[in-house]
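Before any comments, here is the structure.
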Amino acid sequence: MMFSRSSSIPVLEVATVKSSLPESVFLQSKEAYDSIDEPVMHLKTGKISLQLPDLKNVLAFHGKNNRPDADPANNVLHIGFTGEKSPISLLPNESYYLLYDRKQTPPRYVLSPNNSETPLWMEVSSSGNQGLVKVRLKDETGTIIQEPASNAQFTLAEKPQNAAAPAVWDIGKVRVDGTLLARQKARWFGIDKFLERHGGPEFQLTIDKQRIDFGEAEEGYSVFISKDSILVWDNNHWKVAAPGAETLGKPILIIKKIDEKLMNFELWDAEGKNKVILNLLKSNESSIPPNLMASFHFLGAKTLSQFVFEINKERMTLAPQDWLLFVDKGWRKLTTPEEIDAYVDRKTLGYLFVFDAVEKRDDKQVMVGTIFNRARNDLQHVELLMQQSSAGMTPYVPKSDETGRSKDSPGSSDQGPQGKVGRGAENSYTSSYEDGDSDASESNMHSRRRKRKLDHDD
0 MMFSRSSSIP VLEVATVKSS LPESVFLQSK EAYDSIDEPV MHLKTGKISL QLPDLKNVLA
60 FHGKNNRPDA DPANNVLHIG FTGEKSPISL LPNESYYLLY DRKQTPPRYV LSPNNSETPL
120 WMEVSSSGNQ GLVKVRLKDE TGTIIQEPAS NAQFTLAEKP QNAAAPAVWD IGKVRVDGTL
180 LARQKARWFG IDKFLERHGG PEFQLTIDKQ RIDFGEAEEG YSVFISKDSI LVWDNNHWKV
240 AAPGAETLGK PILIIKKIDE KLMNFELWDA EGKNKVILNL LKSNESSIPP NLMASFHFLG
300 AKTLSQFVFE INKERMTLAP QDWLLFVDKG WRKLTTPEEI DAYVDRKTLG YLFVFDAVEK
360 RDDKQVMVGT IFNRARNDLQ HVELLMQQSS AGMTPYVPKS DETGRSKDSP GSSDQGPQGK
420 VGRGAENSYT SSYEDGDSDA SESNMHSRRR KRKLDHDD
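Quick note: the sequence shown uses numbering that gives the first Met the number 0, first residue 0, plus one each step.
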């Protein structure tokens, strides 16, 4: 089948349909609009009215510095901010500028770095156990905004710091917690009876004080304290100090209570923000062993004040006021100032025998002395007969004791393991030296010039 293409394409004409919108019901005539004298509405521009932010739930009052050395006139207040782990110490009635830090997550109010001026600031003070906060805001014209009044001034009840996140701080290189004293190797021994008897004027202020040793061996040191004493942490050591210039800005340890076996402390950080309660048990030092002087054998007198003994199977010349120290290898005589210093400063530890005097009792020579235990918190009087015997020296027993003596009569104290307790006074040999043979005398301890390292109360 064949198809043919038409040579023309017909175009049909479309009829135009006219339409119109309905008339507005609000449409009025020109005359009606002209009859209105004033506009119905006016547009007015104005500044945004600023208001104080509500900081009552942003701030927390953690009290003021209660350290005993705090300056009442400038006693810092501890203010906590939401999101901060540790309170911030602020001086009362000073302006502290704030900003809203949007970089924090979540955004929050913080103190302006270096307290640089911002439009928003606050002042804090305290009244009893409440903190008083005043907040101010300055607009762009310099006008001080104080509205609403409830946000301009308000009080905060004191919130104990232990209710906040626990603070983390160190003393030296040791983390502070309830085990601080144990980790500083603190040991409480009580009164140092050696210094009470032989310290002289140099150690007069240690009398009736409790001795606490810190550290060990060459690094060790001692402090002498009583109730309400204050120790300041200075140059990696605890030192006894009076509250004031020498304690400000440093951690302090306050002795609050001393019982027979337990001592209580308050430990404060440098700013008085954090306080930790510490306890220290009294150390139980072993008593003086029996027969400690069993190796003493009397051989004879060299002079009126010098006597020859065999000790540790060696001959040794002794005179009254000589000191002998019992260490691992037996007794040795302290003869140099350095040896005496080492014992006094507790760099060298051991049982000390002080040869006090030679006395005549019942026509017999008696060696009178005192033994101090290693901690120096206990002592024992010694009275030994100076008689030559292969069995060694034996305790002196007065004739009256052999026949029975009234318990209340003079000199009737109980007998210790080294000999009779209590020293007689009659017929004592001279305790000075005829030929100056010994260097370890009590007078030498008092007179030699040396720098002391022991601390004491003022």
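Don't be surprised by glycine CBs; every beta carbon is placed ideally from N, CA and C.
Beta-carbon spacing of residue i, residue j below 7 Å
i: residue 61; j: residue 77; result: yes
i: residue 196; j: residue 282; result: no
i: residue 49; j: residue 144; result: yes
i: residue 270; j: residue 125; result: no
i: residue 251; j: residue 226; result: no
i: residue 319; j: residue 354; result: yes
i: residue 210; j: residue 193; result: no
i: residue 90; j: residue 117; result: no
Through-space distance from residue j to residue i, alpha-carbon basis
i: residue 71; j: residue 158; result: 21 Å
i: residue 337; j: residue 247; result: 36 Å
i: residue 136; j: residue 265; result: 41 Å
i: residue 169; j: residue 175; result: 5 Å
i: residue 44; j: residue 122; result: 35 Å
i: residue 341; j: residue 85; result: 45 Å
i: residue 249; j: residue 299; result: 60 Å
i: residue 180; j: residue 279; result: 7 Å
i: residue 314; j: residue 302; result: 15 Å
i: residue 191; j: residue 224; result: 11 Å
i: residue 156; j: residue 129; result: 5 Å
i: residue 357; j: residue 323; result: 16 Å
i: residue 205; j: residue 351; result: 19 Å
i: residue 66; j: residue 308; result: 58 Å
i: residue 239; j: residue 54; result: 43 Å
Reduced DSSP category for residue i - H, G, I as helix; E, B as strand; rest coil
i: residue 395; result: coil
i: residue 340; result: helix
i: residue 124; result: strand
i: residue 321; result: coil
i: residue 356; result: strand
i: residue 203; result: helix
i: residue 233; result: strand
i: residue 196; result: helix
i: residue 20; result: coil
i: residue 345; result: coil
i: residue 247; result: coil
i: residue 527; result: Only positions 0 to 457 of the chain appear in this structure, which leaves residue 527 out of reach.
Burial state of residue i (16 or more Cβ within 10 Å)
i: residue 369; result: buried
i: residue 449; result: Annotation note: pLDDT 42 at residue 449 (below 50); position unreliable, coordinate value reported separately. With fewer than 16 other Cβ atoms within 10 Å, it is exposed.
i: residue 68; result: buried
i: residue 289; result: exposed
i: residue 33; result: exposed
i: residue 231; result: buried
i: residue 216; result: exposed
i: residue 63; result: buried
i: residue 218; result: exposed
i: residue 375; result: buried
i: residue 426; result: Residue confidence is low: residue 426 scores 34 on pLDDT, short of 50, so the model does not pin down where it sits. Its coordinate-derived value is still stated next. Burial call: exposed.
i: residue 35; result: exposed
i: residue 378; result: buried
i: residue 101; result: exposed
Residue i Cβ short of 6 Å to the ligand FAD heavy atom set
i: residue 368; result: As presented, the structure is devoid of all ligands, the ligand FAD included, so that no description of it is given.
For this session: Would you mind listing the alpha helix (DSSP H) stretches within the segment 25-97 that are 4+ residues and don't spill past its ends, in chain order?
Result: DSSP assignment within the segment 25-97 yields the following whole alpha helix (DSSP H) runs of 4 residues or more, N-terminal first: 29-33.
Problem set entry | Every unbroken alpha helix (DSSP H) inside the segment 111-159 [4 residues or more] | For the segment 111-159, whole alpha helix (DSSP H) runs of length 4 or above, ordered along the chain, are 148-151.
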